[in-house]
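Just so you know, the sequences run in chain order A and B. With this note's numbering applied, the first sequence corresponds to residues 2 to 301, in that order. With this note's numbering applied, the second sequence corresponds to residues 5 to 258, in that order.
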Amino acid sequence: MATTDHTDYGDDVVAVPLRHPSRWIFGGIATVLLLSFIWAVYSAKSIQHEIVAKFLFDPRILQGMLVTIFVTVLCMFIATILATLLAIMKLSENPLQRWLATGFIEFFRGTPLLLQIVFWGYLGIIFPQLVLGVPYTDIVWLSGDTSDLIPALLAGVIALSLNEAAYSAEIVRAGILAVDSGQVEAAKSLGMSGGQTMRRIVLPQAMRVIIPPMGNEFIGMLKNTSLLQVIAVAELYTAASTISSANLAQIELLVVSGFWYLAMTTVLGFPQRALERKFGRGFATVGGRAAPRAFKVGRR
Amino acid sequence: MGHLMVDARSVRKSYGSNEVLQGISLTVESGEVLCIIGPSGSGKSTFLRCLNHLESINGGRIYVNDELMGYRQSGKVLHEMKPKDIAKQRQAIGMVFQRFNLFPHMTALQNVIEAPIGVGGVNPEEAKQLGLELLAQVGLADKGDHYPSQLSGGQQQRVAIARALAMKPKLMLFDEPTSALDPELVGDVLDVMKGLAKAGMTMIVVTHEMGFAREVADKVVFIDKGQIVEMGSPKQVLDKPQEARTKAFLNKVL
Ligand SMILES: Nc1ncnc2c1ncn2[C@@H]1O[C@H](COP(=O)(O)OP(=O)(O)OP(=O)(O)O)[C@@H](O)[C@H]1O
Ligand SMILES: [Mg+2]
Numbered sequence: 002m003a004t005t006d007h008t009d010y011g012d013d014v015v016a017v018p019l020r021h022p023s024r025w026i027f028g029g030i031a032t033v034l035l036l037s038f039i040w041a042v043y044s045a046k047s048i049q050h051e052i053v054a055k056f057l058f059d060p061r062i063l064q065g066m067l068v069t070i071f072v073t074v075l076c077m078f079i080a081t082i083l084a085t086l087l088a089i090m091k092l093s094e095n096p097l098q099r100w101l102a103t104g105f106i107e108f109f110r111g112t113p114l115l116l117q118i119v120f121w122g123y124l125g126i127i128f129p130q131l132v133l134g135v136p137y138t139d140i141v142w143l144s145g146d147t148s149d150l151i152p153a154l155l156a157g158v159i160a161l162s163l164n165e166a167a168y169s170a171e172i173v174r175a176g177i178l179a180v181d182s183g184q185v186e187a188a189k190s191l192g193m194s195g196g197q198t199m200r201r202i203v204l205p206q207a208m209r210v211i212i213p214p215m216g217n218e219f220i221g222m223l224k225n226t227s228l229l230q231v232i233a234v235a236e237l238y239t240a241a242s243t244i245s246s247a248n249l250a251q252i253e254l255l256v257v258s259g260f261w262y263l264a265m266t267t268v269l270g271f272p273q274r275a276l277e278r279k280f281g282r283g284f285a286t287v288g289g290r291a292a293p294r295a296f297k298v299g300r301r
Numbered sequence: 005m006g007h008l009m010v011d012a013r014s015v016r017k018s019y020g021s022n023e024v025l026q027g028i029s030l031t032v033e034s035g036e037v038l039c040i041i042g043p044s045g046s047g048k049s050t051f052l053r054c055l056n057h058l059e060s061i062n063g064g065r066i067y068v069n070d071e072l073m074g075y076r077q078s079g080k081v082l083h084e085m086k087p088k089d090i091a092k093q094r095q096a097i098g099m100v101f102q103r104f105n106l107f108p109h110m111t112a113l114q115n116v117i118e119a120p121i122g123v124g125g126v127n128p129e130e131a132k133q134l135g136l137e138l139l140a141q142v143g144l145a146d147k148g149d150h151y152p153s154q155l156s157g158g159q160q161q162r163v164a165i166a167r168a169l170a171m172k173p174k175l176m177l178f179d180e181p182t183s184a185l186d187p188e189l190v191g192d193v194l195d196v197m198k199g200l201a202k203a204g205m206t207m208i209v210v211t212h213e214m215g216f217a218r219e220v221a222d223k224v225v226f227i228d229k230g231q232i233v234e235m236g237s238p239k240q241v242l243d244k245p246q247e248a249r250t251k252a253f254l255n256k257v258l
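Structure, rendered in structure tokens:
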């Protein structure tokens, strides 16, 4: 049995933090599994490492990666703005706005993304001519061949952005709902307008709740850009499969593109953590780093 | 003195079929302090929230500083105002809440200067100066860059008072400002409020602090079930209540 020593050693005592042996055990198991997986891939006879190495930095692959990054960032940017508008509309007191937002969200969540991409990509077949003007009059602002006005890249960006907006809208709405109603009252009582209250008080607090799932969405978007292969947008996966259909090194090029997708999604974690810190200011967090220790810490 | 800051005329408010305010009429003169007491659920908070039009009313009129709150009258019709105009009216009325409702993502100073800059159009340097003065006034000169989560309840409530004062309101509403506080922190907040009253601020205070009401209030009103039961000087209402309901309530809280 442990006994308690009440002797007063003054400032000479040392506090030992709680040990976490289970962390080391889990860490050990994970390391072993990871190493054996890497070894399995490395030693597989069907994968020729020279080919992987040769194409890893192929200009076409790097170019494709740039397109992937560009499309991902652009689509997430557009989707976030749209999602915020949709979330605000869905929470609006105006029933028309609520229905519009709900309809949009239901429609784009209810149909497969691949189908939406193909739809926008082949819009030219359904509507060969696009005309922007007042119907049944001679007023025309813009007209032309659909395939000229909406090239594949634009079609891909539209498809991914609209679909993403529908999903993110619910994330943003959840974030807004998580903000205490007293915050809105306090803002109103100071004479702030609805818009100011949303921008300065509600959204910054909602961000705390929104960012972690949006990080997920970002990663999902990065990978979903590979679907644009079906409408021949030259992103990373398209670049890899174009090369492999010529040299028949399918597996190697899958490894190449897989490596780069993994690298990109890993790097995305850093800005996410920075954002979480920024919007977490002023909030006491659970599961974050420990508070500064009040006294000397040592080992014994 | 003598100028009516608040003139509420038979104010009615219902939630569905539940009539929470059943014709409240009272006036507060410029520089006066009115304390509202009454049992839980009697409609005290609702009445305060109607005064700055956080809630719309179903009957009666509310004039604050000679302006009809929330509506524009033309002939016999009251038109509800646009949100922008209501927001403008609210600038003249400060409100302090039971649960403080400070903006947690902003420091104490940022909380105080947010509205002057964003609503009042004061330039940031000037606003900062004003903010520091107000924080000093509530005894928190050194806490400007603390976040609300780093402040005690009493300190948070004093920041909330400074925040409301920053819009230079003509009227201050307090909804049980000390009832979420530990007993030893109540005094600091009440002291700030007493200072305000001395400086001539017009105040309406919902409170259970009878000592404060006795010392500071010019008028006390007892509300029960959405009606004014008794109204008068603190002495009249707190020491010599006439109505049975007032007596019963005071017996319970004292
Ligand atoms: N948003 C609302 N919807 C429906 N009923 C409400 C709403 N707000 C308040 N009420 C009801 O109105 C009545 C008066 O509430 P109010 O908050 O004004 O009471 P109070 O006097 O401030 O009580 P307390 O001392 O507990 O704060 C209560 O019966 C309450 O249930
Ligand atoms: Mg109340």
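C-beta atoms are modelled at their ideal positions from N, C-alpha and C, and glycine is treated no differently.
Beta-bridge partners of B:A12, as assigned by DSSP:
DSSP output for B:A12 lists B:L30, B:I66 as bridge partner(s).
By the three-class DSSP mapping on this structure, what secondary structure does A:G299 have?
Summary for A:G299: the model assigns pLDDT 41, below 50, so the residue's position carries little reliability, and this model does not support an answer.
Cα-Cα, which of A:P96, A:A250, A:S47 is closest to A:F56?
Across the set A:P96, A:A250, A:S47, the C-alpha of A:A250 shows the shortest separation from the C-alpha of A:F56.
Please name the residues in the region 107–118 of chain B whose beta-carbon is closer than 8 Å to at least one beta-carbon of chain A, in chain order.
Listed in sequence order: F107, P108, H109, M110, T111, E118.
Taking 8 Å as the cut-off, decide whether the C-beta atoms of A:I48 and A:I202 are in contact.
No, these two residues do not count as a Cβ contact at 8 Å.
Apart from the five residues just before and just after B:R176, which ones in its own chain have a Cβ nearer than 6 Å to its Cβ?
Note on residue identity: the sequence assigns Met, not Arg, to residue 176 of chain B. Scanning its chain for C-beta atoms nearer than 6 Å, with the 5 sequence neighbours on each side dropped, one finds around B:M176 the residues G98, M205, M207, in chain order.
Using the Cα positions of B:Q240 and B:D228, report the straight-line distance between them to the nearest angstrom.
Looking at the backbone, the Cα of B:Q240 and that of B:D228 are separated by about 17 Å.
Three-state secondary structure assigned by DSSP to B:S21:
Looking at B:S21 - three-state DSSP - the assignment turns out to be coil, as it is neither helix nor strand.
Could you name the residues of the region 166–197 of chain A whose beta carbon sits closer than 7 Å to any beta carbon of chain B, in the order they occur along the chain?
Of all residues in the region 166–197 of chain A, only G183, Q184, E186, A187, K189, S190, L191, G192, M193, S194, G195, Q197 place a beta-carbon less than 7 Å from a beta-carbon of chain B.
What alpha helix (DSSP H) runs, 4 residues minimum, are completely inside the region 126–173 of chain A?
Here the runs fully enclosed are 147–150.
Is it the case that the Cβ atoms of A:E165 and A:M90 are separated by a distance below 8 Å?
No, they are not a contact pair.
Just to make sure I have the definition right: I need the residues of chain A whose C-beta is within less than 7 Å of the C-beta of B:L58. Which are they?
By Cβ distance, chain A contributes E186, K189, S190.
Under the DSSP definition of a beta bridge, which residues are partnered with B:D195?
Partner(s): none; B:D195 has no beta bridge.
What residues come near ligand 2, if near means a beta carbon less than 7 Å from any of its heavy atoms?
For ligand 2, the selected residues are B:K48, B:S49, B:Q102, B:D179, B:E180, B:V210.
Taking 8 Å as the threshold (beta carbon to beta carbon), is B:G122 in contact with chain A?
Taking Cβ atoms only, chain A reaches closer than 8 Å to B:G122, which makes this a yes.
Rounded separation between A:V74 and A:T81 - CA only
Taking the straight line joining both Cα atoms gives about 10 Å.
Assign A:P96 to buried or exposed, taking buried as 16 or more other Cβ atoms, counted over all protein chains shown, within 10 Å of its Cβ.
Exposed, since its Cβ has fewer than 16 Cβ neighbours within 10 Å.
Compare the C-beta of B:K174 with all C-beta atoms of chain A and state if any pair is closer than 8 Å.
Under the Cβ distance rule, B:K174 does not count among the residues neighbouring chain A, no pair being separated by less than 8 Å.
Cα-Cα separation, A:K46 to A:W121
If you draw a straight line from the Cα of A:K46 to the Cα of A:W121, it is about 42 Å long.
Anything in chain A within Cβ reach of B:R76, meaning under 9 Å, just list it in chain order.
Chain A residues near B:R76: none, gap ~18 Å exceeds 9 Å.
Using 7 Å as the cut-off, classify the Cβ of B:S46 as near or not near the heavy atoms of ligand 1, replying yes or no.
Yes, since a heavy atom of ligand 1 falls inside the 7 Å radius drawn around the Cβ of B:S46.
Below 7 Å, is the gap between the Cβ of B:G42 and the nearest heavy atom of ligand 1?
Yes, since a heavy atom of ligand 1 falls inside the 7 Å radius drawn around the Cβ of B:G42.
If we require 4 or more residues per run, which alpha helix (DSSP H) segments fall completely within the region 211–254 of chain B?
Counting whole runs of 4 or more residues, the region 211–254 of chain B contains the alpha helix (DSSP H) stretches 214–220.
Measuring only the C-alpha atoms, how far is A:R174 from A:I212?
A direct Cα-to-Cα measurement between A:R174 and A:I212 gives close to 12 Å.
Range of the contiguous alpha helix (DSSP H) that encloses A:S1
Look at the range of chain A in this structure, 2 to 301, and you will see that residue 1 of chain A is not part of it.
Going straight from the alpha carbon of A:S246 to that of A:G134, what length do you get?
For the pair A:S246 and A:G134, the Cα-to-Cα distance works out to about 44 Å.
Using beta-carbon positions only, say whether B:Q160 and B:Q26 come within less than 8 Å of one another.
Going by C-beta atoms, B:Q160 is not nearer than 8 Å to B:Q26.
What separation, rounded to the nearest whole angstrom, lies between the Cα atoms of A:F105 and A:L87?
So the two alpha carbons sit approximately 8 Å from each other.
The region 174–193 of chain B / the region 208–224 of chain B touching (three or more Cβ pairs under 8 Å):
Touching, yes, given that three or more Cβ pairs across the two stretches are closer than 8 Å.
Taking Cβ positions only, does B:A131 come closer than 8 Å to chain A?
It does not: the Cβ of B:A131 has no partner Cβ on chain A nearer than 8 Å.
My guess is that B:A96 and B:K174 are in contact by the Cβ rule of under 8 Å, so how many angstroms apart are they, rounded?
That pair is a contact at about 5 Å.
Against chain B: residues of the region 207–234 of chain A by CB proximity under 9 Å:
Answer in chain order: M208, R209.
For A:W100, is the classification buried or exposed, using 16 other Cβ atoms within 10 angstroms of its Cβ as the cut-off for buried?
Under this definition A:W100 is an exposed residue.
Any heavy atom of ligand 3 within a distance shorter than 7 Å of the CB on B:N56?
What this structure holds is ligand 1 and ligand 2, not ligand 3.
Could you check what DSSP says for B:T182 in three-state terms: helix, strand or coil?
Residue state, collapsed to three classes: coil.
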